[in-house]
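Participant: Questions regarding the structure given below will be posed in turn.
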Amino acid sequence: MDIPELGQLTTTNDGRCRLTFERRSRRSKEKVWRAITEAEHLRGWFAQYLDYDRSQLDFSADGAELVFHPAPGSNEIPVEVGQVISCVPPSLLEYTWGTEVLRWELAEAEDGGCRLTFDNIFDDPSFAPFNAFGWHVGLDRLAAVLGGDDPAGIRLETDTPAAGDLQAQYERSFG
Numbered sequence: 001m002d003i004p005e006l007g008q009l010t011t012t013n014d015g016r017c018r019l020t021f022e023r024r025s026r027r028s029k030e031k032v033w034r035a036i037t038e039a040e041h042l043r044g045w046f047a048q049y050l051d052y053d054r055s056q057l058d059f060s061a062d063g064a065e066l067v068f069h070p071a072p073g074s075n076e077i078p079v080e081v082g083q084v085i086s087c088v089p090p091s092l093l094e095y096t097w098g099t100e101v102l103r104w105e106l107a108e109a110e111d112g113g114c115r116l117t118f119d120n121i122f123d124d125p126s127f128a129p130f131n132a133f134g135w136h137v138g139l140d141r142l143a144a145v146l147g148g149d150d151p152a153g154i155r156l157e158t159d160t161p162a163a164g165d166l167q168a169q170y171e172r173s174f175g
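Counting from 1, position 2 in the sequence shown corresponds to residue 2 in full-length UniProt numbering; the numbering is continuous, with no gaps.
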């Protein structure tokens, strides 16, 4: 995926917060689809505090229940449930995770790759900088996985200059 721009914060018609990110990949829609829907691929880039062996993440049918189990040692993180709102392979996946909505839209890019538009919808605007930073890093990890690289060096911790700068940018933009 190309160097990403910052996510954008808007408000939905019902007053919720919407973070939107756009990314482009040289990979096909089908490959990106597998990376966002299959547990074996999700564990390489998605939420690192989830136990992918215990979580129930079958995104294949509208209405399917999802269960997000935290990894052992993540005591402060509760089990959360969600539900698939819409699944149209390989173009659209929308589901709830607790009170949040995650929407992934894939389209063919002009260069034969894929354009990914990701929305995170949530209630509390004070979470915007934190959520934006987390999803930005997560999408960077997705880009690494799609490119065949190891995403281990792309972390959520803000103890590196680049990560600290990114966190500060989101705090200035949304804080």
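Glycine included, C-beta positions come from ideal geometry on N, C-alpha and C.
Threshold first: 3 residues or longer. Then list the beta strand (DSSP E) segments lying entirely within the region 56-111, N to C.
Facilitator: Qualifying beta strand (DSSP E) stretches, in chain order: 65-68, 80-88, 92-97, 100-108.
Participant: With a CB to CB cut of under 6 Å and the five nearest residues on each side skipped, what residues in its chain are close to Ser-91?
Facilitator: Against the sequence shown, residue 91 aligns to sequence position 91. So the list reads Leu-106, once near-sequence residues are dropped.
Participant: Following the continuous alpha helix (DSSP H) through Glu-40, name the residue where it begins and the one where it ends.
Facilitator: Here residue 40 is taken as the residue at index 40 of the sequence shown, counted from 1. Per DSSP, Glu-40 belongs to the alpha helix (DSSP H) from 39-42.
Participant: In three-state terms, what does DSSP make of Gln-169?
Facilitator: As a first step, residue 169 must be located in the sequence shown, where it is residue number 169. Helix.
Participant: To the nearest angstrom, how far is the alpha carbon of Asp-123 from that of His-136?
Facilitator: For the purposes of this step, residue 123 is taken as the residue at position 123 of the sequence shown. For the purposes of this step, residue 136 is taken as the residue at position 136 of the sequence shown. Approximately 19 Å between the Cα atoms of the pair.
Participant: Considering only residues of the same chain and omitting the five flanking positions on each side of Leu-6, which have a CB-CB separation below 8 Å?
Facilitator: Here residue 6 refers to the residue found at position 6 of the sequence shown. Counting only Cβ-Cβ distances below 8 Å, and skipping sequence neighbours, we find Ala-132, His-136, Gln-169, Tyr-170, Ser-173.
Participant: Alpha carbon to alpha carbon, what distance is there between Phe-127 and Gly-138?
Facilitator: As a position in the sequence shown, residue 138 is number 138, starting the count at 1. As a position in the sequence shown, residue 127 is number 127, starting the count at 1. Cα to Cα, the separation comes out at about 16 Å.
Participant: List the endpoints of the continuous beta strand (DSSP E) containing Arg-18.
Facilitator: Walking along the sequence shown from the start, residue 18 turns up at place 18. Per DSSP, Arg-18 belongs to the beta strand (DSSP E) from 17-25.
Participant: Which value, in whole angstroms, describes the spacing of the CA atoms of Thr-10 and Tyr-52?
Facilitator: Sequence index remark: in the sequence shown, residue 10 carries index 10 (1-based). Sequence index remark: in the sequence shown, residue 52 carries index 52 (1-based). Distance between the alpha carbons of Thr-10 and Tyr-52: 31 Å.
Participant: Please list, in chain order, all residues of the same chain as residue 199 whose beta carbon is under 8 Å from its beta carbon, the five residues on each side excluded.
Facilitator: As displayed, the chain neither begins before 1 nor continues past 175, which places residue 199 out of reach and without an answer.
Participant: Can Pro-70 and Leu-50 be called in contact, C-beta distance under 8 Å?
Facilitator: Residue numbering aside, residue 70 sits at position 70 when the sequence shown is read from its first letter. Residue numbering aside, residue 50 sits at position 50 when the sequence shown is read from its first letter. For Pro-70 and Leu-50, yes; Cβs fall inside 8 Å.
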